Amino acid sequence: MEGHLRAHPRSGRAVGAGALPSARRRAPDRDVGLSLDPGSPRRLLGSMMSISVPARRLRLPFFLALVGSTLLAGSWMMFGILAAGGLTVPGALILLLFIPTFGWISLAFWTGALGFVFQLLRIDPLTLRRVPPGPSALTNTRTDTPVTHPGSAAAPPAEATLPPDSGRTAVVMPAHNEDPERALRGLEAVAGSLRATGSAHAFDLHFLSDTTDPAIRTREEEVWAALNERWDPDTAPSIHYRRRATNTGRKPGNIGAFCRERRDDYEYLVVLDADSHMEGGTLVSLVRTMEANPRAGLVQTVPLPWRQETLFGRLLQFGSALYGPMLARGYAFWQGASANYWGHNAILRLAPFVEHGHLPVLPGTPPLGGEILSHDFVEGALLRRAGWDCYLLTELEGSHEELPGNLVDFTHRDRRWAQGSLQHLRLLPTPGLRPTSRLHFLTGAMGYLSSVFWFLMLVAGTAYVILIEWSERTVPSGTDGWQVAERTETGGWQVAGEGAGWTVPDALLPPGAGAVSLLWVTAIILFLPRLLALVLGLIQRSRGFGGRVRLTLSALLETVFTVVMAPILMWSHTRFVASILAGRTVRWDSQPRDGRELTRSEAWRWSRTATLLGVVWTALAFAASPLFVLWLSPILVGLVLALPVVHLTSRVSPGQKARALGLFLVPWEVDPAPIAPGEPQPTGAPGVPLPAGAEQTPSAAARARSGPAPAMPPGRRTPSTSSSRRSYRG
1 MEGHLRAHPR SGRAVGAGAL PSARRRAPDR DVGLSLDPGS PRRLLGSMMS ISVPARRLRL
61 PFFLALVGST LLAGSWMMFG ILAAGGLTVP GALILLLFIP TFGWISLAFW TGALGFVFQL
121 LRIDPLTLRR VPPGPSALTN TRTDTPVTHP GSAAAPPAEA TLPPDSGRTA VVMPAHNEDP
181 ERALRGLEAV AGSLRATGSA HAFDLHFLSD TTDPAIRTRE EEVWAALNER WDPDTAPSIH
241 YRRRATNTGR KPGNIGAFCR ERRDDYEYLV VLDADSHMEG GTLVSLVRTM EANPRAGLVQ
301 TVPLPWRQET LFGRLLQFGS ALYGPMLARG YAFWQGASAN YWGHNAILRL APFVEHGHLP
361 VLPGTPPLGG EILSHDFVEG ALLRRAGWDC YLLTELEGSH EELPGNLVDF THRDRRWAQG
421 SLQHLRLLPT PGLRPTSRLH FLTGAMGYLS SVFWFLMLVA GTAYVILIEW SERTVPSGTD
481 GWQVAERTET GGWQVAGEGA GWTVPDALLP PGAGAVSLLW VTAIILFLPR LLALVLGLIQ
541 RSRGFGGRVR LTLSALLETV FTVVMAPILM WSHTRFVASI LAGRTVRWDS QPRDGRELTR
601 SEAWRWSRTA TLLGVVWTAL AFAASPLFVL WLSPILVGLV LALPVVHLTS RVSPGQKARA
661 LGLFLVPWEV DPAPIAPGEP QPTGAPGVPL PAGAEQTPSA AARARSGPAP AMPPGRRTPS
721 TSSSRRSYRG
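If you're matching positions, the sequence shown starts at 1 in this note's numbering and goes up one per residue.
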């Protein structure tokens, strides 16, 4: 399958022509407004495609002031509880661990609170302009007007297509030992969606293989040959296949090699993962946004999970659909023009990406040295350091990804991300980085370190209680050392002896007034964003979740599962960080993409340490005080039940039953975008019908009556002006 890749005949540019990189030219001044008619293929941002960010220098300080004031108040409350009778060494340790943990949840709280305001008032968090209501997978403000999706048979309006002089875009899907049929069918689906936009001439799709497994490599070539035979040679976009001889640098090396080879042939680069998907209308909108903002180096979309079958996958898919849009708006506000890069489902301006996106090699050996595993955060930060604007677009839909279908595979992926995130901490002193980029590095690492702080804080609290029991209920008495205490009628501990007059403030055994107040504050910070997102769902988009009753019940059940699974993830992340600090690294492996069910033995092997920890912890806490067990019960229950939780949530049948009952539905299931004529049916989608009584939009009901989409027409997968195969090797 050797051959040379030629530019598409409509591009007007030959490979190696040495044309001026497009990022160095200013986009032509022209009207980039798009129709906001609810009947248009998608709401593609309209006049908001030209992005201005008011008060961009004040946003991060304002946000940090909110987070900092909340952290200060919570820390002062905890200090008052621990220092009521004199701050001890265990108490000081608990306070030191509490501060970063509480700061982490405060950051998430204010991100969600700001996002709630923007979504409720329909204000774009970047431009601070009102967003007209319309059909959107993020807001999903459905009307009674049938929605025409991209990929439908109807031709798109002229204003939704790219002009002939638009910059050319390469859509790349790097792959390493992936299921070739699943990955290439996904790329073919993107191509089919692009064909229906009327702008496919501006795109080329590239499958960039780094496959090393001989069996997968053989199958990869067979699947490519079949695709090559059936694609219509006279229809854009073109699809290309390339396999590197050596996979130096893993995924970023694969993409980097392509960018260096083709930087003169394309203005823009869109990166897809092997399990991600973007609709044609979304890709067109990204290009128009880049054309309208010549200083934009990166535009990141919000990829939402889809095609989840297991109970675990459907819980994450529902949670992301309900809470994700609100949180994304909050992030977009305080990030401003310094948005983070998530590594896929985003568009990059190719020339500056090649020039500035070189990843540094960290001093030392892995896991904290050597090549950086998580490349995306760093590439986005380097683009921003070079002066290019980076945006997170929250009003743009049609961007999806798939997730690991069980906790084992989910945490296996997390282990690699944890190592990369800890590596990012070594980049914090890098000269020239923007403050927001440094915050991205810090929050990425805190996603794992917060579990460590939380775990150690709970262990320290348990040790504190056990120490009181072990020392015969002795308490500190200022400078007089330790004195024997006895239980009072109110349940506290009173120093024995006449006139002692000092009572231990039982913050842990049982909770006193101060601890109860802090407990309520913590609960509000943790759960209020969930309640706000539910309110938005009930007000704006309940139909997309199966109706108000099903939405409310689904949100309650998802919250229960989240509370139960949180300590399991806490323990997993703590082990990850410990293994990284112990010098253990991870290999670059492909991850399971399908909804894989776990056997009981596999679930037990993975969860046995968590279960054992929960049993021992419960016994020690009960020996110290039965009331303390109640205090710790949200943690202990999840750890003790790790085995049944991990096994049950990995199964497909509970997920299917939940969907049949109308639970954990998401808008793109209730009103899915149809498959374009000639576009392959997606693989891996659940085949369970919507429950009786579930609300459907008119367009969804009409499509249900119309039968399946037509099959892909036969054809030859060769370029329209060449008889050579459209494949090449690097």
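Every residue, glycine too, gets a C-beta built ideally from N, C-alpha and C. Computed from a prediction, not measured in an experiment: that's the story for all the values here.
Best match in the options for proximity to residue i [C-alpha to C-alpha]
| i | options | result |
| --- | --- | --- |
| glutamate 178 | Asp204, Val223 and Arg168 | Val223 |
| arginine 219 | Arg243, Asp232 and Pro180 | Pro180 |
| arginine 659 | Phe312, Leu359 and Leu383 | Phe312 |
| aspartate 210 | Pro237, Gly256 and Asn228 | Gly256 |
| serine 338 | Pro654, Gly297, Arg349 and Leu368 | Gly297 |
| threonine 248 | Phe258, Ile239 and Val577 | Phe258 |
| leucine 641 | Arg575, Pro626, Ala566 and Gly662 | Ala566 |
| glutamate 379 | Gly369, Ile347 and Pro367 | Ile347 |
| arginine 438 | Asp275, Arg384 and Leu636 | Arg384 |
| arginine 195 | Glu229, Ala170, Arg182 and Ser238 | Ser238 |
| alanine 292 | Ala623, Gln335, Pro163 and Leu96 | Pro163 |
| aspartate 265 | Arg307, Gly281, Gly167 and Leu393 | Gly167 |
| valine 190 | Thr611, Pro132 and Gly280 | Gly280 |
| leucine 581 | Leu643, Thr365 and Thr649 | Thr365 |
| tryptophan 537 | Leu322, Arg415, Leu327 and Ser193 | The displayed chain sequence assigns glycine, not tryptophan, to residue 537. That would be Leu322, whose Cα lies nearest to the Cα of glycine 537. |
| serine 542 | Gly336, Phe62, Leu208 and Phe664 | Phe664 |
| valine 616 | Leu636, Thr599, Ala603 and Leu630 | Leu636 |
| alanine 225 | Tyr241, Arg129, Ala215 and Ala624 | Tyr241 |
| proline 404 | Leu396, Asp414 and Gly398 | Asp414 |
| methionine 290 | Phe333, Leu362 and Asp389 | Asp389 |
| arginine 56 | Arg530, Ala332 and Gly343 | Ala332 |
| glutamate 395 | Thr611, Phe628, Gly86 and Leu128 | Leu128 |
Whether residue i touches residue j by CB criterion (7 angstroms)
| i | j | result |
| --- | --- | --- |
| alanine 381 | leucine 425 | no |
| glycine 330 | glycine 115 | yes |
| lysine 251 | proline 125 | no |
| histidine 277 | histidine 400 | yes |
| leucine 427 | phenylalanine 441 | yes |
| alanine 170 | histidine 201 | no |
| leucine 350 | leucine 269 | yes |
| valine 452 | threonine 574 | yes |
| proline 305 | asparagine 345 | no |
| aspartate 275 | glutamate 402 | yes |
| valine 67 | leucine 97 | no |
| proline 90 | tyrosine 464 | yes |
| valine 172 | leucine 208 | yes |
| leucine 327 | threonine 88 | no |
| threonine 522 | proline 367 | no |
| glycine 398 | threonine 552 | no |
With 16 other Cβ atoms within 10 Å as the buried cut-off, status of residue i
| i | result |
| --- | --- |
| isoleucine 539 | exposed |
| serine 52 | exposed |
| histidine 358 | exposed |
| glycine 319 | buried |
| alanine 743 | Examination of residue 743 is not possible in this model, given that the chain is present from 1 through 730 alone. |
| arginine 260 | exposed |
| valine 284 | buried |
| valine 516 | exposed |
| leucine 58 | exposed |
| glutamate 229 | exposed |
| proline 634 | exposed |
| valine 535 | exposed |
| phenylalanine 62 | exposed |
Integer-rounded CB distance, given that residue j should sit under 8 angstroms from residue i
| i | j | result |
| --- | --- | --- |
| glutamine 744 | valine 666 | Coverage of the chain is limited to positions 1 through 730, which leaves residue 744 absent and any answer about it impossible. |
| proline 560 | glutamate 597 | Correcting the residue type first, residue 560 is valine in the shown sequence and not proline. Not confirmed; about 22 angstroms, so no contact. |
| glycine 544 | aspartate 671 | 7 angstroms |
| alanine 386 | proline 352 | 6 angstroms |
| isoleucine 466 | leucine 620 | 6 angstroms |
| serine 601 | valine 646 | Not a contact, Cβ separation roughly 12 angstroms. |
| isoleucine 99 | leucine 71 | 7 angstroms |
| threonine 411 | glycine 595 | The pair is not a contact, with the Cβ atoms about 16 angstroms apart (cut-off 8 angstroms). |
| serine 450 | threonine 101 | 6 angstroms |
| glutamine 308 | tyrosine 341 | Actually they do not touch by this definition, with Cβ atoms about 24 angstroms apart. |
| threonine 161 | serine 199 | 5 angstroms |
| leucine 613 | leucine 639 | 6 angstroms |
| tryptophan 604 | leucine 643 | 6 angstroms |
| arginine 109 | isoleucine 525 | The sequence given here places phenylalanine at residue 109; arginine does not occur at that position. Contact flag correct, Cβ pair sits at about 5 angstroms. |
> Are there three or more Cβ pairs, one per stretch, closer than 8 angstroms when the segment 410-421 is compared with the segment 367-387?
Replying inline: The answer is yes - the segment 367-387 touches the segment 410-421, with three or more Cβ pairs under 8 angstroms.
> Okay, do the segment 70-87 and the segment 443-458 touch, 3+ Cβ pairs below 8 angstroms being the bar?
Replying inline: Because the criterion of three Cβ pairs below 8 angstroms is not met, the segment 70-87 and the segment 443-458 do not touch.
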